[in-house]
Amino acid sequence: MSAPEHGPAILKLLALVEGDIDAMLDLGKRLFGEPNAEMYPLDLLAFGAIKRNLSTARAISHMVGTWNMVSARSLLRVHIDTGLRFSAAWLVDKPHEFAVQVYGGARIDKLKDQDGRRMTDSHLVEVRSNEYPWLPRVYEQLSGYIHFSGAHVFDSISEVGGEDRTISFGISPTDYKFPEFSWLEVLECTREATAMLAKYLHGYIVTKGLSPEQLATLRAQCG
Numbered sequence: 004m005s006a007p008e009h010g011p012a013i014l015k016l017l018a019l020v021e022g023d024i025d026a027m028l029d030l031g032k033r034l035f036g037e038p039n040a041e042m043y044p045l046d047l048l049a050f051g052a053i054k055r056n057l058s059t060a061r062a063i064s065h066m067v068g069t070w071n072m073v074s075a076r077s078l079l080r081v082h083i084d085t086g087l088r089f090s091a092a093w094l095v096d097k098p099h100e101f102a103v104q105v106y107g108g109a110r111i112d113k114l115k116d117q118d119g120r121r122m123t124d125s126h127l128v129e130v131r132s133n134e135y136p137w138l139p140r141v142y143e144q145l146s147g148y149i150h151f152s153g154a155h156v157f158d159s160i161s162e163v164g165g166e167d168r169t170i171s172f173g174i175s176p177t178d179y180k181f182p183e184f185s186w187l188e189v190l191e192c193t194r195e196a197t198a199m200l201a202k203y204l205h206g207y208i209v210t211k212g213l214s215p216e217q218l219a220t221l222r223a224q225c226g
């Protein structure tokens with residue numbers, strides 16, 4: 004028996020997620036630049052972030068399409084993590100040295116920002132929450148999906164009885180019990196997380212194209 008199709012609102016968002024994937028690929032091409040263009044350490048970190056974003060975005064789309072909420076939410080937490088941790092390069096004095104440390108094996112949550120604070124997930128969420136007010140709530144809710152937790156127990160419950168207090172469990176790879184808004188939220192957050200990464204990638208691409216004089220002027224204007 005084939006799975007039922009999602010409603011038009013979800014199908015529309017799935018199409019938009021695919022459009023975001025195409026746009027992210029275009030950003031990657033812009034980051035590569037012209038043949039034989041000079042490469043910088045942060046370029047490598049950016050390529051890794053783009054690859055991870057593309058992979059998780061496509062996987063989330065597939066999980067939603069096959070009604071797998073547990074996996075969709077787990078992947079969404081990973082998807083958000085990519086843009087969040089890539090943005091840490093904007094919190095340090097020397098982004099390229101930061102990039103070298105990261106792909107050399109250093110853990111981002113063990114490194115410190117320009118104010119001397121460790122760039123833990125909670126710190127990064129706090130720093131970015133003004134621009135992304137949805138981030139603290141969603142990140143906290145999804146954290147329970149990374150490691151086995153009570154969230155998975157609740158997801159296995161398909162129905163709770165009334166007076167007799169019976170509980171029915173649904174042991175299945177599909178999650179038909181979730182309302183439409185739950186699936187919409189997953190896809191909307193997927194797009195928001197992609198937009199977060201795209202913003203920092205675009206800013207970096209623009210910065211790479213500036214001359215040393217233009218970059219010095221920009222830094223002076225930003226204080």
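Each residue of the sequence shown is one higher than the one before, starting from 4 at the first, in the working numbering.
Positions of the beta carbon are idealized from the N, C-alpha and C atoms, including for glycine.
> When you compare each of H205, C192, K202 and H65 to I83 by their alpha carbons, which one comes out closest?
Replying inline: C192
>> Using 9 angstroms as the threshold, is the C-beta distance between A201 and M27 below it?
In response: yes
> Which residues in the same chain have their Cβ closer than 8 angstroms to the Cβ of R131, if we skip the five residues on either side of it in sequence?
Replying inline: L87, S90, L138 and M199
> Ordered along the chain, which non-local residues of its own chain (more than five positions away) have a Cβ less than 7 angstroms from that of I149?
Replying inline: S77 and R80
> Based on the DSSP secondary-structure assignment, which residues constitute the bridge partners of R121?
Replying inline: K115
> Residue range of the alpha helix (DSSP H) that F35 falls in?
Replying inline: P11 to F35
> Between which two residues does the alpha helix (DSSP H) containing G212 stretch?
Replying inline: No alpha helix (DSSP H) contains G212, which DSSP labels as neither H nor E.
> Going along the chain, which residues of its own chain have a beta-carbon closer than 8 angstroms to the beta-carbon of I208, five neighbours each way excluded?
Replying inline: L30, R33 and L34
> For the putative contact between I24 and R61, defined by C-beta atoms under 8 angstroms, what is the C-beta separation to the nearest angstrom?
Replying inline: 6 angstroms
> Under 9 angstroms, do V128 and Y142 count as touching if we go by C-beta distance?
Replying inline: yes
> Can the beta-carbon of L19 be found closer than 9 angstroms to that of G68?
Replying inline: no
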